[in-house]
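The sequence shown begins at 1 in full-length UniProt numbering and counts up by one.
Ideal Cβ placement from N, Cα and C applies to all residues, glycine included.
Structure first, then comments.
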Amino acid sequence: MEIFPVYVLHSGEWEENKFINFVSDCVIIESTLSYNNLVAAISEQIRIDSELNIIEINFLPNVGLPPILIYNDTGVKVYIELKKKNLNFTEYPLFVTVKEIYDNRLIATSFSCVVATSSSCLVATSSSLKTPGIIDDILNEFVEEDQVYKDKETVVSVMKNLAVRERFQFKVKRSSATRYHLMCMDDNCAWSFKSSAVFKANIFKVRSYNNNHTCGYGERYLTQRQATPGVIASIVKDKYVNPKKVYTANNIIEDIQKQHGIEVSYMKAWRAKEIAMTMIRGSPSDSYKELPKPIMVVDGSFLKAAYKGTILTACTQDGAGKILPLAYAIVDSESNKSWEWFFVQIKECKAHIQETSQAIEIYIFFALSRAYTIEKFEYHMTEMCKIDPRVQPYLFEIGYERWSRAYSKVKRSMVMTFNIAESINAANKDARELPVMRLLEYMTNLLQQWNNKNRKSVIETSTKLGEKYDKLLRENLIASEQMTVRPATEQLYTVFEGVR
């Protein structure tokens, strides 16, 4: 038994005996292969769902001649005999056309592909079918065949909302990363819905949809399993746009009963309220964690000019996440006295500097805050108490977890302090070789350029937040839509990824 590597061109279309807009692949066939085995091997290699698609296989006997369709075992044997006489990999390729099945009707599908150098398909869209756009609205009210949705999660939400709105129930017949098939709760009902991933992308397409129910009304209206807290939340979430408006769980129960005829328990309504508020306003606890803290980042870098010295800098981040220099100074060396003088100058300029005691040695306090282990922290705290015993009770009352890396339980802020300091150092790296007056002029010009650039960015921004935080807010909002929070106590909550 011989085997042959075969060059496969698939998902394209014929135009005057030329196969265009194809994607390249390969398959290995045996000399005794049957037609059905050939179809199965190619379908598996190019990842075609045999339940939703069929393939047509052709080859060209010679340049200029029309293609020959392989449709049975005889066609496969003829092709294999030709291949035996020419084992060149690219000679006698197989041309594969994909056709979709719609209620026993075949529709040829041609894909317009963006082909990378590896001949892999990056984007595939059907050019012979209508393309109304990708739907991302989970409250989409009109469902029909050939619709394309952003992802499977959107399809799931749309169908659940549809079931609540039209007062029927369904059960999942098949669900995987690439398929989502539904049927009515009554096994004898004709209602059905099938969707699957489009080729290798994450987007989902409605393959078939029969919206006609042949079951009795009692089967559909008896209960409503699709009315989950997440679905109810998506229905009522607009009620929470205005923070002054009071919309309680009892209001949800009443409105869902009036609008959809569904009885909702108080606990389900309460969970729906929490989810809806999170969809609109975000998580209260997380919003506190993400607030920019009033953190000032200080650093020192040595100068390279003839008289040496050190430049001390103090920076923070503005509301748009940009670096905002606060102050800089030239000192003889990076010492306790230099830092103390620098902080006094900043304080006199009304910057936010907190001093626990004038006797605190800045180096020891920095070592305390940056210590990675409890043992290292306690060592530095002992040294601090030798200098001033009043400091330890003061810091303990504040809470070690608020400022110490070793005791920190959560991320203290979004501000990457070392990145800010290193950005300033990188910006003035070459200038540190200049004489001190030229260095100060350079720093003045640098800050003027940064401030002007940030000012222009603010003027051109149409959102209420800067680009960085507006993007982060949108991403968090999307991620939170499929989460639910259940309280265990007044302080303890459990967060589920996906509505349960």
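Over what stretch of residues does the beta strand (DSSP E) that includes residue i continue unbroken?
i: residue 14; result: 13–15
i: residue 27; result: 23–30
i: residue 182; result: 179–184
i: residue 390; result: Counting along the chain, residue 390 falls outside any beta strand (DSSP E), and DSSP gives it neither H nor E.
i: residue 69; result: 68–70
i: residue 172; result: 170–175
i: residue 58; result: 53–59
Pull the bridge partners of residue i from the DSSP assignment, please.
i: residue 197; result: 204
i: residue 10; result: 23, 96
i: residue 315; result: 297, 325
i: residue 486; result: 494
i: residue 209; result: 193
i: residue 18; result: 15
i: residue 4; result: 29
i: residue 236; result: Paired residue(s): none; residue 236 is not in a bridge.
i: residue 331; result: 310
i: residue 377; result: For residue 377, which the question treats as bridged, DSSP gives no partner whatsoever.
i: residue 135; result: 149
i: residue 302; result: 310
Compare the C-beta of residue i with all C-beta atoms of chain D and state if any pair is closer than 7 Å.
i: residue 301; result: Looking at the structure shown, chain D is missing, and only one protein chain is on hand.
Find out if the Cβ-Cβ distance for the pair residue i, residue j is shorter than 7 Å.
i: residue 63; j: residue 42; result: no
i: residue 6; j: residue 55; result: no
i: residue 503; j: residue 436; result: The chain is shown from 1 up to 500; residue 503 falls before or after that span and cannot be answered.
i: residue 158; j: residue 138; result: yes
i: residue 196; j: residue 207; result: yes
i: residue 423; j: residue 280; result: no
i: residue 226; j: residue 160; result: yes
i: residue 480; j: residue 278; result: yes
i: residue 442; j: residue 431; result: yes
i: residue 205; j: residue 148; result: yes
i: residue 141; j: residue 209; result: no
i: residue 152; j: residue 134; result: no
i: residue 92; j: residue 85; result: no
i: residue 66; j: residue 17; result: yes
i: residue 325; j: residue 447; result: yes
i: residue 321; j: residue 466; result: yes
i: residue 24; j: residue 1; result: no
i: residue 76; j: residue 38; result: yes
i: residue 344; j: residue 315; result: no
Between which two residues does the alpha helix (DSSP H) holding residue i run?
i: residue 143; result: From DSSP, residue 143 is part of no alpha helix (DSSP H); its letter is neither H nor E.
i: residue 474; result: 467–480
i: residue 86; result: Unbroken run through residue 86: none, as it is neither H nor E.
i: residue 338; result: 336–348
i: residue 191; result: Here residue 191 belongs to no alpha helix (DSSP H), and DSSP marks it neither H nor E.
i: residue 451; result: 436–459
i: residue 157; result: 152–166
i: residue 243; result: Premise fails: residue 243 is in no alpha helix (DSSP H) and is neither H nor E.
i: residue 281; result: 266–281
i: residue 63; result: Looking at the DSSP string, residue 63 is not in any alpha helix (DSSP H), and its letter there is neither H nor E.
i: residue 44; result: 35–45
Check the C-beta distance from residue i over to residue j and give it rounded, since I have them as a contact under 8 Å.
i: residue 394; j: residue 401; result: That belief does not hold up - the Cβ atoms of residue 394 and residue 401 are roughly 15 Å apart, past 8 Å.
i: residue 3; j: residue 13; result: Not quite, the Cβ-Cβ distance comes to about 30 Å (not below 8 Å), so this is no contact.
i: residue 203; j: residue 232; result: At roughly 27 Å, the Cβ-Cβ gap does not stay under 8 Å, so residue 203 and residue 232 are not in contact.
i: residue 58; j: residue 69; result: 5 Å
i: residue 300; j: residue 348; result: At roughly 20 Å, the Cβ-Cβ gap does not stay under 8 Å, so residue 300 and residue 348 are not in contact.
i: residue 364; j: residue 380; result: 6 Å
i: residue 504; j: residue 369; result: Nothing about residue 504 can be read from this structure; the chain reaches only from 1 to 500.
i: residue 318; j: residue 454; result: 7 Å
i: residue 170; j: residue 183; result: 6 Å
i: residue 276; j: residue 237; result: 4 Å
i: residue 98; j: residue 48; result: 6 Å
i: residue 434; j: residue 305; result: 6 Å
Heavy atom of the ligand ZN less than 6 Å from the Cβ of residue i, yes or no?
i: residue 209; result: In the structure shown, the ligand ZN is absent, as is every other ligand, since no ligand is present at all.
*Meets three-Cβ-pair contact criterion under 8 Å: the segment 257–274 and the segment 305–312*: Put simply, the segment 257–274 does not touch the segment 305–312. Fewer than three CB pairs are less than 8 Å apart.
*With a cut-off of 8 Å, do at least 3 Cβ pairs link the segment 237–247 to the segment 168–180?*
Of all C-beta pairs linking the segment 237–247 to the segment 168–180, fewer than three are shorter than 8 Å, placing the two stretches out of contact.
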